[in-house]
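Okay, structure first, notes after.
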Amino acid sequence: MVPKPPPKAPLTAAIASVIRQIPRGRVSTYGAIAAAAGYPRCARHVSKVLNQVPGLPWQRVLGSGGRISLPGEYGFEQRFQLEAEGVRFKGRRVDLATFEYHFPRTPRGALRRRP
DNA sequence: ACTGTGACACTGG
DNA sequence: ACCAGTGCCACAG
């Protein structure tokens, strides 16, 4: 039997996993990541995961429309990092049509809002 | 068990 | 186009 599987924050682990799938030179958004992890309405939680789990490609995560949500100097840092990977900006935004990474599939049945 | 939190998304002015 | 306000929802203390 299993000694002790970590039934901790399934959402956190799922989101972290999804973020790691983003290849270099591509980006994604909070909402898309949350949805790909199976939790469509938990975009806000993605930010929490980025702060909790180190080693993630945090710079590849953008807000809706390809905007940088991270304020302050870190925001510029993010922009530099992305440009270093080949991601181009149009004004303050990234052209998602070109650089957004589309995840292969939602790992689990996505929670859908009840009608 | 309850309350606060968060690098959001979306809508209206 | 931009800003401010509102809704959202699982996690952590």
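Residue numbers (the numbering used here): 624 to 738. Glycine is no exception: its CB is placed at the ideal position from the N, C-alpha and C atoms. Since the model is a prediction, treat every value here as computed from it, not as a measurement.
Two segments are said to touch when three or more pairs of C-beta atoms, one from each, lie closer than 8 Å; by this definition the stretch 693-704 does not touch the stretch 638-650. With 16 or more neighbouring CB atoms inside 10 Å of its own CB, Ser651 falls in the buried class. In the three-state scheme derived from DSSP, where H, G and I count as helix and E and B as strand, Val676 is classed as coil. Exclusion of the five residues before and after Val676 leaves Ala639 as the residues of its chain whose Cβ lies within less than 6 Å of its Cβ. Bridge partners of Arg716 according to DSSP: Arg690, Lys713.
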